[in-house]
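Q: 1 is the number of the first residue of the sequence shown in full-length UniProt numbering; add one for each residue after it. All C-beta atoms in this analysis are idealised placements derived from N, C-alpha and C, irrespective of residue type, glycine included. I'd like to ask you about the structure that follows.
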Amino acid sequence: MINTTLPQSNTVPACTALGSGVWLAFRHIAGTSAPAVPPPATGAHLLSVEFCRRGRHALPAGDYCTIAADGHAAVSMTAAGADDYYPGAVYEGLQFWIDPDAQTGSGFLALMGLDVHGIINYFCAGGPYYCPMGDELAALVDELWREFDVSGYASPGELRYAVVRLLYMLLQLPYADQMAWYPRAQVDLVRDAETLMLADLSVRHTARELAVQFGVSESSFKAYCRDVLGDGYLPYFRRKRLEKAADLLAHTDLKVQDIAVQVGYESQSKFAKAFADQFRLTPLEYRRLAEK
1 MINTTLPQSN
11 TVPACTALGS
21 GVWLAFRHIA
31 GTSAPAVPPP
41 ATGAHLLSVE
51 FCRRGRHALP
61 AGDYCTIAAD
71 GHAAVSMTAA
81 GADDYYPGAV
91 YEGLQFWIDP
101 DAQTGSGFLA
111 LMGLDVHGII
121 NYFCAGGPYY
131 CPMGDELAAL
141 VDELWREFDV
151 SGYASPGELR
161 YAVVRLLYML
171 LQLPYADQMA
181 WYPRAQVDLV
191 RDAETLMLAD
201 LSVRHTAREL
211 AVQFGVSESS
221 FKAYCRDVLG
231 DGYLPYFRRK
241 RLEKAADLLA
251 HTDLKVQDIA
261 VQVGYESQSK
271 FAKAFADQFR
281 LTPLEYRRLA
291 EK
């Protein structure tokens, strides 16, 4: 049976409270709209620690953003209830938040020798911290993912222990990577353009058309997309259209011609060729394999 990895809607698990001012989530985001997933709306500012297995996450710092990508760890301060942006609407990772003002000497982090304010000063004094996880930390994240996320169950004690292990291993990582910073206005522009495009994939918007709409040059618009989405404007949205088509083939009985129209192809033959180039299968072959 073919692995159809695009669900029909975003799946974002609720945060699990692990103690006073500590939350953890195994995050899955896969869909055709850019989601907004806030951290716990408690406390003025939260320490956010994430381990990205797949996808991209915009990390704001004042008027700028950096982009956390797959295989990296990131530590930052975030406002409670902040509106997160995951460019590409695809993300898989483990993330936890700590309210520094809620930590006491009797909390499980302090009892395990972890000083939250010291961690903040170490990692976030100059803005977000961003570094490759390395083999050992990546293996631990994968282990926790298989053990807790795939099984769907873990006791609070097991999850607290997981947070402690992750923090101690994080403290052993080298200094942060050199990060690329992008004006927040540019990131917001790409987010608005992505939301517009993904809202109706049957409509094709040219880069020039969107550049005019958002008041920038076409070359600047394309550069912003490459920086934020990690891919060029045309390849990114072509892939999104074809992924949506694959989802419809796997989960609906719509005719191939109707699916082609829904994802912006007036010609069924051009759609079939583009689909085969992407998936190495014709649309009907993909549907048959998805049904097995």
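Let me check you understand the geometry: is the CB of C15 closer than 6 Å to at least one non-hydrogen atom of the ligand FAD?
A: With respect to small molecules bound, the structure shown includes none, and the ligand FAD cannot be examined in it.
Q: Count the other C-beta atoms from every protein chain shown that fall within 10 angstroms of the C-beta of Q178, then say buried if there are 16 or more, exposed otherwise.
A: Exposed.
Q: Just to confirm the assignment, what range does the alpha helix (DSSP H) spanning G118 have?
A: Element bounds for G118: V116 to C124.
Q: Alpha carbon to alpha carbon, what distance is there between K273 and P283?
A: C-alpha separation (whole angstroms): 9 Å.
Q: Could you tell me which of V187, L167, Q186 and F279 sits nearest to S48, measuring between CA atoms?
A: Minimum Cα distance to S48 is reached at L167.
Q: Can you check whether the CB of A68 is closer than 7 Å to the CB of A61?
A: Contact: no.
Q: Along the chain, where does the beta strand (DSSP E) containing Y265 start, and where does it finish?
A: Looking at the DSSP string, Y265 is not in any beta strand (DSSP E), and its letter there is neither H nor E.
Q: For a test of the three-state rule: what should DSSP assign to C52, helix, strand or coil?
A: Three-state DSSP puts C52 in a strand.
Q: Using the three-state DSSP reduction, which class does T252 fall into: helix, strand or coil?
A: Coil.
Q: How is L140 classed by DSSP in three states: helix, strand or coil?
A: Correct three-state label for L140: helix.
Q: Rounded to whole angstroms, what's the CA-CA distance from H205 to Q278? Just pull it up for me.
A: Roughly 21 Å separates the two Cα atoms.
Q: Can you tell me the Cβ-Cβ gap for R226 and G232, rounded? I've got them flagged as a contact below 8 Å.
A: Sure, about 6 Å apart at Cβ, within 8 Å.
Q: Since K244 contacts L201 with CB under 8 Å, what's their CB separation in whole angstroms?
A: About 5 Å; that satisfies the 8 Å criterion.
Q: When you compare only the Cα positions, how much space is there between G127 and V190?
A: Each residue's alpha carbon lies about 22 Å from the other.
Q: Give the DSSP-derived three-state secondary structure of C225 in the structure shown.
A: Three-state result, C225: helix.
Q: Apart from the five residues just before and just after M197, which ones in its own chain have a Cβ nearer than 7 Å to its Cβ?
A: Only H205 and F237 meet the Cβ criterion.
Q: Name the one or two DSSP bridge partners that M77 has.
A: Per DSSP, L47.
Q: Helix, strand or coil, according to DSSP, for residue 300 in the structure here?
A: A query on residue 300 cannot be resolved here, the shown segment of the chain reaching from 1 to 292 and no further.
Q: According to DSSP, is W145 helix, strand or coil?
A: DSSP places W145 in helix when its eight states are reduced to three.
Q: Could you check what DSSP says for Y168 in three-state terms: helix, strand or coil?
A: Note: Y168 maps to helix in three-state DSSP.
Q: Can you tell me whether DSSP reads L18 as helix, strand or coil?
A: If DSSP states are grouped into helix, strand and coil, L18 belongs with the strands.
Q: Out of H45, I98, P87 and L109, point me to the one whose CA is closest to Q186's CA.
A: Selected option, being the one with the closest Cα: P87.
Q: Taking 7 Å as the threshold (C-beta atoms), are R184 and Y91 in contact?
A: The answer is no: Cβ separation not under 7 Å.
Q: Per DSSP, what are the beta-bridge partners of W181 in this structure?
A: For W181, which the question treats as bridged, DSSP gives no partner whatsoever.
Q: So, under 8 Å CB-CB, A25 and Q95 are touching, yes? Tell me the CB distance rounded to an integer number of Å.
A: At roughly 5 Å, the Cβ-Cβ gap stays under 8 Å, so A25 and Q95 are in contact.
Q: Can you tell me which of the three DSSP states A110 falls into?
A: Helix at A110.
Q: By alpha-carbon positions, which one of G93, A89 and G118 ends up nearest to Q103?
A: Considering only alpha carbons, the answer is G118.
Q: Sorted by chain position, which residues of the same chain lie with C-beta nearer than 6 Å to I259's C-beta, five sequence neighbours on each side aside?
A: Contacts found: A245 and L248.
Q: Please report the distance separating the alpha-carbon of G55 from that of L229.
A: Their backbone Cα atoms lie some 9 Å apart in a straight line.
Q: Have a look at A17 and D101 and give me their C-alpha separation to the nearest angstrom.
A: Using only the alpha carbons, I get a separation of about 16 Å.
Q: A223 to G21, Cα distance in whole Å?
A: Straight-line Cα distance between these residues: approximately 40 Å.
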